[in-house]
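Undergrad:
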Amino acid sequence: MRRTSSATAIAVAAAALAGVVGLSIAWGAAGWLGSETILWKLRLPRALVAAGAGAALATAGAIFQGLFRNPLADPFVVGVSGGSALGAVTAIVLGLSAPVLGIAPIAVTAFLGGLGAALLVYRLARVRGRVPIPTLLLAGFAVGSLASALLSILLMTHTKNFGDIMLWLMGSFANTDSWERLAVMLPAAAIALTVAIVYARDLNLFLLGEEPAQQLGVEVERAKRRLLAAGAVATAGAVACAGIIGFVGLVVPNLARAVVGPDHRRMLPVCAAGGAVLVAAADLAARSLLRGIELPVGAITAVAGAPFFLIVLRRKAKA
Amino acid sequence: MKKLALLFVVALAGCPAPRSEVPTRVVRDLAGRDIVVPVEVRRIVSIVPSVTELTFAAGAGDLVVGVTTFCDYPPEAKERTKIGDIRVNYEAVVALKPDLIVSAHDLAARSNEQLRGLGLPVLCIDPKSLAEIGAAIRLLGDVAHRAEAAERAAKEFEGRVAAVLGRVQNVERRPTVYLEATSQPHAAAPGMTADEIIRLAGGTNIITETYAGKWVPISWEVVLARDPEYIVVAHKYAPQPSERPGWKGLSAVKAGRVYDWDKSHFMYPTPRLARGLELLAQTLHPERFHAADK
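Written as structure tokens, this is what we have:
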């Protein structure tokens, strides 16, 4: 398959992003345009949070796929989603409602839960100052399973909150229409993308394996630590703002690679922009398909993302 | 060996036999389905909270031997043996030796099937409107042979509803109302009893969208665009209306017309809906109610 130049790809993605965000602001349940309150307090921050979450998830996916040398890795492999979900559900079950620094308690506990899980995985996987990738994956799997087991127990013992919990787990931007959440989402996405781009060359060398990377001058353990932290921050931020939105972090890096090639220096910006477009567009669909009614955005990303991903894979296989 | 096995089978088959000796009769439920129930109902298990409440209202509370952990009204219901929450513990139900299960078709379809499979008669009570509440109470009273008490309860409910309707009849203006059951927010939609209450109380529901006959997960934008004059919050979840972006500018919030009322007066099809209707009608049309009546 012929590769598009990264400049063209970024320009196309940026134009698409501007289009989607513009449309998201102009159109909504109240029809075209609407009052100033609707435009600036509901639609604009919501579109930006969705774009930020998409960029963060796609970047985290690219980081983990690079680190683990596995195109099937996604932002949730190191247990972040399980940890975040557990954090959020704890807030729901305890009935916490007082905002922390203007941010809803559920977002705060979800963010901390996600970071806590990632940190736990990292500590569990560390052997004599080194963190072997297979150990990291296994520790991530174990912590993730533990978190989802605890989550099931909470679900079963707190059936009164069942509806709230399920709604949160399905992922939605419906109640994130606030600038406060953007204050969490944008820095998280920006930090992750910056770290990933700074370490893009190292990520390329990781593809050769850890030892060759080390021999080629990569400070393997430090790079791994920082990249993991960046991926965890991005994922926890996205989950804290909108619940669990699957598929984006898995699919978008693969799409970006198919379009501009595997070099992370070129692929990462395209990947982030693509994730932003996909999630912002999915959210627009989630609130537009049934006018006035909010559908879970995670369902939309999966329904729309899966066939698209298969088409690109098949075209790539034929080429 | 073969003989032994045969004996065993016969012994097993013989177990449920006594059931067939219980005299039964056929009653027609609210949806027009014919259900076979025992003539003498002595032990009732309810697996749906609103149906528990209706059964007690019908005067058959003393026959109720098992309820769910969510059955908290009337208070006596809490003293009954628990048979599960939204998931029914079938073993616990069978252990209570009930002769009738009362349930709801829409809320517990799977549990109803399971219980029927265990040979238990399941009577489903799904009142779809205020008018059917009285019918539900009478049906339960008939089945439990408490027709008199049930008739009194049904009449009392219908009397309260009629009293409100008498007062708010032909109101000149029907103020706009927004009623939500969670902060997600899930709003009362056409076809639900909460929507009926708004209409009967002399108001206009701002929500016209429907979502599979359930509470609609409505967009905040819709509420901002339609600017209701009254807001009813039937839940305790954050954020409350005044804390949501842009909601401070709503007419209802500015005028202090946001009401935090118990969800049981609006959400479940029980006689307590009469209280919800009274609250809302008195709030929307205070001029129609004399101070002494409140």
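Those protein sequence lines, which keep their order, are chains A and B.
Under this note's numbering, the letters of the first sequence match residues 1 to 319, in that order.
Under this note's numbering, the letters of the second sequence match residues 1001 to 1294, in that order.
Note that CB positions come from ideal geometry on N, CA and C, so glycine has one too.
All of these numbers come straight from a predicted model, not from anything done at the bench.
1. Cβ atoms of B:L1130 and B:E1196: under 7 Å apart, would you say?
2. Could you pull the DSSP bridge partners for B:G1066 from this structure?
3. So A:G34 contacts chain B; which residues on that side make the cut at Cβ distance below 9 Å?
4. Beta-carbon of B:I1086 versus every beta-carbon of chain A: anything under 7 Å?
5. Between the alpha carbons of B:L1120 and B:P1098, how many angstroms are there, rounded?
6. If the criterion is Cβ atoms closer than 7 Å, does the pair B:T1081 and B:G1061 meet it?
7. Verify whether the separation of the beta carbon atoms of B:A1274 and B:V1161 is less than 7 Å.
8. What are the partner residues of B:A1108, as DSSP defines its beta bridges?
9. Roughly how many angstroms separate the alpha carbons of A:L150 and A:L86, rounded to a whole number?
10. In angstroms, rounded to a whole number, what distance separates the CA positions of A:P269 and A:K160?
11. Run through DSSP, which three-state label would B:T1270 get?
12. Rounded C-beta distance between B:I1125 and B:A1136? I'm assuming under 8 Å.
13. For the segment 1156 to 1183 of chain B, enumerate the residues whose C-beta is nearer than 9 Å to any C-beta of chain A, in chain order.
14. Classify B:V1036 as buried or exposed, calling it buried when 16 or more other Cβ atoms lie within 10 Å of its own Cβ.
15. Looking at the unbroken alpha helix (DSSP H) that takes in A:A236, where does it start and where does it end?
16. Compare the C-beta of A:G275 against all C-beta atoms of chain B and say whether one is closer than 7 Å.
17. Assign A:R222 to buried or exposed, taking buried as 16 or more other Cβ atoms, counted over all protein chains shown, within 10 Å of its Cβ.
18. How long is the line joining the alpha carbons of A:N70 and A:S178, rounded to whole angstroms?
19. In whole angstroms, give me the CA-to-CA distance for A:V260 and A:A306.
20. CB-CB under 8 Å to A:L17, same chain, minus the five flanking residues each way: which ones, in chain order?
21. Is B:V994 close to chain A, meaning its C-beta is less than 7 Å from at least one C-beta of that chain?
22. Spell out whether any CB of chain A is found under 7 Å from the CB atom of B:G1213.
23. Using the beta-carbon of each residue, which ones in chain A are nearer than 8 Å to B:G1066?
24. For the putative contact between A:L155 and A:F162, defined by C-beta atoms under 8 Å, what is the C-beta separation to the nearest angstrom?
25. Using 7 Å as the threshold, is the C-beta distance between A:V297 and A:A110 below it?
26. List the whole-angstrom C-beta distance separating A:I245 from A:G171, where the pair is believed to meet the contact cut-off of C-beta under 8 Å.
27. Find the residues of chain B that neighbour A:A287, judging by a C-beta separation of less than 7 Å, and give them in chain order.
28. Run through the DSSP bridge pairs and tell me what A:R69 is partnered with.
29. Could you give the DSSP three-state label for B:H1235: helix, strand or coil?
30. What's the C-alpha gap between B:G1134 and B:K1078?
31. From the beta carbon of A:L42, is the nearest beta carbon of chain B less than 7 Å away?
32. Let me confirm a value: A:P132 is counted as buried when at least 16 other C-beta atoms fall within 10 Å, else exposed. Which label applies?
33. Which one of B:T1024, B:A1031, B:P1286, B:T1068 has the shortest CA to CA distance from B:A1201?
34. Specify whether the segment 1084 to 1103 of chain B and the segment 1230 to 1243 of chain B touch according to this definition: at least 3 beta carbon pairs, one from each stretch, less than 8 Å apart.
35. Tell me whether B:C1124 sits in a helix, a strand or coil according to DSSP, three-state version.
36. Return the first residue and the last residue of the beta strand (DSSP E) that A:V78 is part of.
TA: By the coordinates alone:
1. Counting from 1 along the second sequence, the entry for residue 1196 of chain B is found at position 196. Counting from 1 along the second sequence, the entry for residue 1130 of chain B is found at position 130. A contact, by the Cβ cut-off of 7 Å.
2. What you label residue 1066 of chain B is simply residue 66 of the second sequence in a count that begins at 1. The partner list for B:G1066 (beta bridge, DSSP) reads B:V1045, B:T1081.
3. In the first sequence, the residue the question calls residue 34 of chain A occupies position 34. Going along chain B in sequence order, the residues near A:G34 (Cβ under 9 Å) are E1221, L1224, A1225.
4. Taking the first residue of the second sequence as 1, we reach residue 1086 of chain B at position 86. It does: the Cβ of B:I1086 has a partner Cβ on chain A nearer than 7 Å.
5. Taking the first residue of the second sequence as position 1, residue 1120 of chain B is located at position 120. Taking the first residue of the second sequence as position 1, residue 1098 of chain B is located at position 98. Taking the straight line from one Cα to the other gives about 8 Å.
6. On the second sequence, position 81 is the one that residue 1081 of chain B refers to. On the second sequence, position 61 is the one that residue 1061 of chain B refers to. Contact flag unset, no.
7. By 1-based counting over the second sequence, the position of residue 1274 of chain B is 274. By 1-based counting over the second sequence, the position of residue 1161 of chain B is 161. Going by C-beta atoms, B:A1274 is nearer than 7 Å to B:V1161.
8. Reading the second sequence from its first residue, position 108 is the one you call residue 1108 of chain B. Among the bridge pairs identified by DSSP, B:A1108 is matched with none.
9. Against the first sequence, residue 150 of chain A aligns to sequence position 150. Against the first sequence, residue 86 of chain A aligns to sequence position 86. Computed Cα separation, rounded: 7 Å.
10. Taking the first sequence and counting its residues from 1, the one referred to as residue 269 of chain A is at position 269. Taking the first sequence and counting its residues from 1, the one referred to as residue 160 of chain A is at position 160. So the alpha carbons of these two residues sit roughly 43 Å apart.
11. Along the second sequence, read from residue 1 onward, the residue named residue 1270 of chain B stands at position 270. In the three-state DSSP reduction, B:T1270 falls in the coil class, being neither helix nor strand.
12. For the purposes of this step, residue 1125 of chain B is identified with residue 125 of the second sequence, where counting begins at 1. For the purposes of this step, residue 1136 of chain B is identified with residue 136 of the second sequence, where counting begins at 1. The pair is a contact, with the Cβ atoms about 5 Å apart (cut-off 8 Å).
13. T1182, S1183
14. Looking up residue 1036 of chain B in the second sequence gives position 36. B:V1036 comes out exposed.
15. In the first sequence, the residue the question calls residue 236 of chain A occupies position 236. Unbroken alpha helix (DSSP H) run through A:A236: 220 to 242.
16. By one-based count along the first sequence, residue 275 of chain A stands at place 275. Answer no: the Cβ-Cβ gap between A:G275 and chain B never drops below 7 Å.
17. Locating residue 222 of chain A in the first sequence gives position 222, where the first residue counts as 1. Exposed: under 16 other Cβ atoms inside 10 Å.
18. Stepping through the first sequence from its first residue, residue 70 of chain A is reached at position 70. Stepping through the first sequence from its first residue, residue 178 of chain A is reached at position 178. A:N70 and A:S178: Cα-Cα distance of roughly 36 Å.
19. The residue you call residue 260 of chain A lines up with position 260 of the first sequence. The residue you call residue 306 of chain A lines up with position 306 of the first sequence. Each residue's alpha carbon lies about 20 Å from the other.
20. Residue mapping note: residue 17 of chain A aligns to position 17 of the first sequence, counting from 1. Within the same chain, A:L17 has close Cβ partners A51, A273, A276, V277, A280.
21. It is not possible to answer for residue 994 of chain B, since the shown part of chain B is limited to 1001 through 1294.
22. For the purposes of this step, residue 1213 of chain B is identified with residue 213 of the second sequence, where counting begins at 1. No, B:G1213 does not count as interfacial toward chain A.
23. What you label residue 1066 of chain B is simply residue 66 of the second sequence in a count that begins at 1. Ordered by position in chain A, no residue passes the 8 Å Cβ test against B:G1066, which lies about 17 Å from the chain.
24. In the first sequence, residue 155 of chain A corresponds to position 155, counting from 1. In the first sequence, residue 162 of chain A corresponds to position 162, counting from 1. About 6 Å; that satisfies the 8 Å criterion.
25. By one-based count along the first sequence, residue 297 of chain A stands at place 297. By one-based count along the first sequence, residue 110 of chain A stands at place 110. No, the pair does not count as a contact, with Cβ atoms beyond the cut-off.
26. Counted from its first residue, the first sequence places residue 245 of chain A at position 245. Counted from its first residue, the first sequence places residue 171 of chain A at position 171. A:I245 to A:G171, Cβ: 4 Å. Contact.
27. By 1-based counting over the first sequence, the position of residue 287 of chain A is 287. Note on identity: in this sequence residue 287 of chain A is Arg, with Ala being the wrong assignment. By Cβ distance, chain B contributes S1219.
28. The count along the first sequence starts at 1 and reaches residue 69 of chain A at position 69. Paired residue(s): none; A:R69 is not in a bridge.
29. Position 235 of the second sequence, counted from the first residue, corresponds to residue 1235 of chain B. DSSP places B:H1235 in the coil class of the three-state scheme, outside both helix and strand.
30. Residue 1134 of chain B sits at position 134 when you count from the first residue of the second sequence. Residue 1078 of chain B sits at position 78 when you count from the first residue of the second sequence. The straight-line gap from Cα to Cα measures roughly 24 Å.
31. Residue 42 of chain A sits at position 42 when you count from the first residue of the first sequence. By this cut-off, A:L42 is an interface position.
32. On the first sequence, residue 132 of chain A is found 132 positions in, with the first residue counted as 1. Flag for A:P132 reads exposed.
33. Stepping through the second sequence from its first residue, residue 1201 of chain B is reached at position 201. Considering only alpha carbons, the answer is B:P1286.
34. no
35. Looking up residue 1124 of chain B in the second sequence gives position 124. Reduced to three states, the DSSP call for B:C1124 is strand.
36. Looking up residue 78 of chain A in the first sequence gives position 78. Taken as a continuous stretch (DSSP letters only), A:V78 belongs to no beta strand (DSSP E), as it is neither H nor E.
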